[in-house]
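Novice: This is the structure, below, for whatever I ask next.
In our numbering, the protein residues as written are -9 to 334.
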């Protein structure tokens, strides 16, 4: 029988609502809840701007509630635990986010999310005042579909998309331009996970995956799915194996300038995360690759899973400028002006 894990909660029927309310209470200058219960920017984008919307299952926090804000996403439709929001909720989100410049619906490539988006677009045909909408289905996780890019799941590497796309839309670009950029960034990313201990479902407490003791599940998805358990050796050996796989990607493998995300999948300690980040950085540099930027922290989780994700993005001067642009969300806040002030 699978192990069960207790969680801090009140009424499980209000688990998602109370979680969102807590995030908003802690970040009132950054995010708010609208009348539909969706997470929105506390300071709306200017009229005429392209609105960036994403729906997702909860249980992966800070994704995506933590990435709503200035220079990031405009609205997040939080679905049930580990399940996509309904098509009706996606429609409400699109209508609620529109600022007059059209809406880009970003979809992390998972079956339920794609289905909800497709149905929402059909429902919008009956809305007289529906805005112009583009849909970007995005995936970069090589764990389940290495050769077929269109089948790759959305994972922690999409953080590159949220940051760069948020800055791009903030700069006044059109809906079609934003749509094209989102796809272009995702196509230049690849990610892979390593999990030593599975997370558990917040409602049932059931363990999401059984991982043999002394092994690491390589390439598991954000819901714990995966079967490739390999013996746990040193971090350096594991990182070398993972980077071999990531650099076999046709796009990332040709790049000499990369950005790196080291994502804590849930309960990895700061000590472990630091060791992993060091190893990844040194391994890439040993292969004559310039690591232009490094993100390091907890961005997309599978509850208390003890593991991490390595994500790489092939970057150029355009991408780096978007990377360095100001952003202000609960889980990503950066101001280049403030940085310059400290360095003076």
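Beta carbons are placed, not taken as given, at the ideal position from N, Cα and C, and that holds for glycine. On a predicted model such as this, the values are computed, not experimentally measured, just so you know.
1) How should residue 277 be labelled, buried or exposed, when 16 other C-beta atoms within 10 angstroms of its C-beta is the threshold for buried?
2) Taking residue 155 and residue 248 to be in contact with their CB atoms under 8 angstroms, please state how far apart those CB atoms are, rounded to whole angstroms.
3) CB residue 67 to CB residue 123, shorter than 8 angstroms?
4) Once the 5 residues before and after residue 233 are set aside, which same chain residues still bring their CB inside 6 angstroms of it?
5) Run through the stretch 187 to 263 for me and flag every whole beta strand (DSSP E) of 3 or more residues, listed as ranges in chain order.
6) Which residues in the same chain as residue 189 place their Cβ atom closer than 7 angstroms to its Cβ, once the five residues preceding and following it in sequence are excluded?
7) Where residue 183 and residue 120 are concerned, what is the direct C-alpha to C-alpha distance, given to the nearest angstrom?
8) What residue range does the alpha helix (DSSP H) around residue 313 cover?
9) For residue 333 and residue 203, I'd like the C-alpha separation in whole angstroms.
10) Does DSSP classify residue 273 as helix, strand or coil?
11) Following the continuous beta strand (DSSP E) through residue 21, name the residue where it begins and the one where it ends.
12) Taking only the alpha-carbon atoms, compute the straight-line gap between residue 284 and residue 118 and give it to the nearest angstrom.
13) Less than 7 angstroms between C-beta atoms, sequence neighbours within five positions excluded: which residues of the same chain meet that for residue 323?
14) Alpha helix (DSSP H) containing residue 174: first to last residue?
15) Out of 4, 99, 11 and 8, point me to the one whose CA is closest to residue 45's CA.
16) Would you mind stating whether residue 146 and residue 301 have Cβ atoms separated by less than 8 angstroms?
Specialist: In short:
1) For the purposes of this step, residue 277 is taken as residue 287 along the chain shown, with counting starting at 1. That one is exposed.
2) Here residue 155 refers to the residue found at position 165 of the chain shown. Here residue 248 refers to the residue found at position 258 of the chain shown. Not confirmed; about 19 angstroms, so no contact.
3) For this step, residue 67 is matched to residue 77 along the chain shown. For this step, residue 123 is matched to residue 133 along the chain shown. No; because the gap between Cβ atoms is not below 8 angstroms, this pair is not in contact.
4) For the purposes of this step, residue 233 is taken as the residue at position 243 of the chain shown. Only 273 meet the Cβ criterion.
5) 205 to 208, 219 to 221 and 247 to 254
6) The sequence position of residue 189 within the chain shown is 199, counting from 1. Counting only Cβ-Cβ distances below 7 angstroms, and skipping sequence neighbours, we find 198, 214, 256, 292, 293, 294 and 295.
7) The residue you call residue 183 lines up with position 193 of the chain shown. The residue you call residue 120 lines up with position 130 of the chain shown. Between residue 183 and residue 120, the C-alpha separation is close to 39 angstroms.
8) Numbered from 1 along the chain shown, position 323 holds the residue referred to as residue 313. Counting along the chain, the alpha helix (DSSP H) containing residue 313 begins and ends at 307 to 313.
9) For the purposes of this step, residue 333 is taken as the residue at position 343 of the chain shown. For the purposes of this step, residue 203 is taken as the residue at position 213 of the chain shown. In this prediction, residue 333 scores a pLDDT of 39, lower than 50, which makes its location untrustworthy; no coordinate-derived value is stated.
10) By one-based count along the chain shown, residue 273 stands at place 283. Here residue 273 sits in helix by DSSP.
11) In the chain shown, the residue the question calls residue 21 occupies position 31. 21 to 23 is the span of the beta strand (DSSP E), which, as asked, contains residue 21.
12) Within the chain shown, residue 284 is the residue found at index 294, counting from 1. Within the chain shown, residue 118 is the residue found at index 128, counting from 1. Those two C-alpha atoms are separated by around 45 angstroms.
13) Locating residue 323 in the chain shown gives position 333, counting from the first residue. Same-chain partners within the cutoff: 317.
14) For the purposes of this step, residue 174 is taken as residue 184 along the chain shown, with counting starting at 1. Its alpha helix (DSSP H) spans residues 165 to 177.
15) The residue given as residue 45 occupies position 55 in the chain shown. For residue 45, the nearest C-alpha among the options comes from 99.
16) Indexing the chain shown from 1 puts residue 146 at position 156. Indexing the chain shown from 1 puts residue 301 at position 311. Yes, they are a contact pair.
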